[in-house]
Amino acid sequence: MKMKKQDVRTLSLIVCTFTYLLVGAAVFDALESTYEGEQRIILQNEEEEIRAIYNISNDDYAILKRNVMKTIPYYSGVQWKFAGSLYFSLTLVTAIGYGHSTPQTVGGKIVCMFYSLAGIPLCIIMFQSVGERLNVFITYVMKQIKKCFRLKKAEVSETNVILVTMNLSTIVLTSGALLFSHYEGWNLVDAFYYCFITLTTIGFGDFVALQKEDSLQTNPHYVAMSMIFILFGLTVISAALNLLVLRFLTMNTKDERRDELEAATAAQNPVRMVGEVTCNENVFSNA
1 MKMKKQDVRT LSLIVCTFTY LLVGAAVFDA LESTYEGEQR IILQNEEEEI RAIYNISNDD
61 YAILKRNVMK TIPYYSGVQW KFAGSLYFSL TLVTAIGYGH STPQTVGGKI VCMFYSLAGI
121 PLCIIMFQSV GERLNVFITY VMKQIKKCFR LKKAEVSETN VILVTMNLST IVLTSGALLF
181 SHYEGWNLVD AFYYCFITLT TIGFGDFVAL QKEDSLQTNP HYVAMSMIFI LFGLTVISAA
241 LNLLVLRFLT MNTKDERRDE LEAATAAQNP VRMVGEVTCN ENVFSNA
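Read in the UniProt record's numbering, the sequence shown has 137 at position 137, and its numbers run on one by one without any break.
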């Protein structure tokens, strides 16, 4: 049985994905495992020194650690006034989910689940729609630019728009990195890493903006800039992803149509048996 091209492509994607996962596991193992082991040893030595200096039993030290961990969210200032709650709602419906603040009450947890059930699909549809409009606008601008320069081909290809949105995504990420490097005191690598993790909605939570000096309550301009960055950045990323997904779907559709045409052509040219020879009526005949 002959496999269709889209079946081959799908199988290839599955194999590539699992291969990519295995390569990722090997790379991160090589890069991070040694450092993790070293940090674990350093931390254990420091814990032993603290217990020895203050003569703390293992049980008391375990209780102390649990209490310290509980207080960590409160070091970043008030999280659940309106500004902080709005920031939390944004990270919830965009599925970024830093984990910097989480509902602690039963009511808060229940509302969080129902709120995200409605908010996440709404947000996905909104970003997809706005991203599509952005692509239309980019196409229009590129056409006008080509007309101004009187280029022979005024039409804008899908590849042209993809390149523009990818470059725009890079500009947004770089601008965000400069912004957060300035306000948070991060180096450029950490700031760019934060922007990338945010706009891809991975949201590890190891770097979170607006968590120092009670910024959520005392710096409204920075809060506004951070939220605008997230919303605009996700729109640009959505525009780029829309085009890439559309490109892939178009390739599949073309293959399906080609298979349908080949099947229709084969049906119009019946195969008949002549003696022991199987042949196409339009090509062979030994009658």
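We treat Cβ as the ideally placed atom computed from N, Cα and C, and that holds for glycine.
Values in this document were obtained by computation on a predicted structure and should not be read as measured data.
Taking residue i as the reference, give the member of the options with the closest Cα.
i: Lys65; options: Glu47, Trp80, Ile53, Gln79; result: Glu47
i: Leu163; options: Ile120, Thr19, Leu241; result: Leu241
i: Gly176; options: Thr250, Phe232, Asp206; result: Phe232
i: Gln217; options: Ile230, Gln44, Gln79, Asn135; result: Gln79
i: His221; options: Tyr183, Phe248, Asn187, Leu234; result: Tyr183
i: Ser101; options: Val245, Asp206, Phe248; result: Asp206
i: Ser157; options: Ile138, Leu261, Gly97; result: Ile138
i: Arg247; options: Thr159, Met69, Cys148; result: Thr159
i: Thr198; options: Gly97, Ala30, Ile125; result: Gly97
i: Val172; options: Cys195, Asn187, Glu38; result: Cys195
i: residue 337; options: Val208, Met251, Leu261; result: Coverage of the chain is limited to positions 1 through 287, which leaves residue 337 absent and any answer about it impossible.
i: Leu168; options: Ser129, Asn135, Lys152; result: Asn135
i: Phe127; options: Thr201, Gln44, Ile63; result: Thr201
i: Thr165; options: Lys81, Cys148, Val141; result: Val141
To which residues of the same chain is residue i closer than 7 Å at the C-beta, ignoring the five residues directly before and after it?
i: Ile120; result: Val93, Ala95
i: Pro103; result: Lys109, Cys112
i: Gly131; result: Thr235, Ser238, Ala239, Asn242
i: Leu90; result: Met227, Ile230
i: Gln211; result: Ser76, His100
By DSSP, does residue i sit in helix, in strand, or in coil?
i: Tyr35; result: helix
i: Phe149; result: coil
i: Val223; result: helix
i: Asn45; result: helix
i: Gly99; result: coil
i: Asn187; result: coil
i: Lys143; result: helix
i: Lys212; result: coil
i: Asp60; result: helix
i: Asn242; result: helix
i: Ile202; result: coil
i: Ala26; result: helix
i: Val236; result: helix
i: Lys4; result: coil
i: Glu158; result: helix
i: Leu55; result: Position check: residue 55 holds Asn in this sequence, whereas Leu was assumed. Asn55 falls in the coil class under three-state DSSP.
i: Phe18; result: helix
i: Phe207; result: coil
i: Val274; result: Because the pLDDT at Val274 is just 48, under 50, the model does not fix this residue reliably, and the value given afterwards should be weighed accordingly. Three-state DSSP puts Val274 in a strand.
Looking only at its own chain, which residues have a Cβ that is under 8 Å from the Cβ of residue i, when we skip the five neighbours before and after it?
i: Ile50; result: Ile56, Tyr61
i: Ala83; result: Leu216, Gln217, Pro220, Val223
i: Leu244; result: Ile162
Going by beta carbon distance, what residues of the same chain come within less than 6 Å of residue i, once the five residues before and after it are set aside?
i: Gly24; result: none
i: Leu13; result: none
i: Cys123; result: Val93, Thr94
i: Phe18; result: none
i: Phe192; result: Ala177
i: Tyr20; result: none
i: Gly203; result: Ile96, Gly97, Tyr98
i: Lys146; result: Ala154
Cβ of residue i less than 8 Å from any chain D Cβ?
i: Leu151; result: No chain D is present in this structure, which holds just one protein chain.
Subject >> Those runs of the alpha helix (DSSP H) which lie wholly inside the UniProt domain "Potassium channel" (71 to 134) and span at least 4 residues >> reply: 82 to 93
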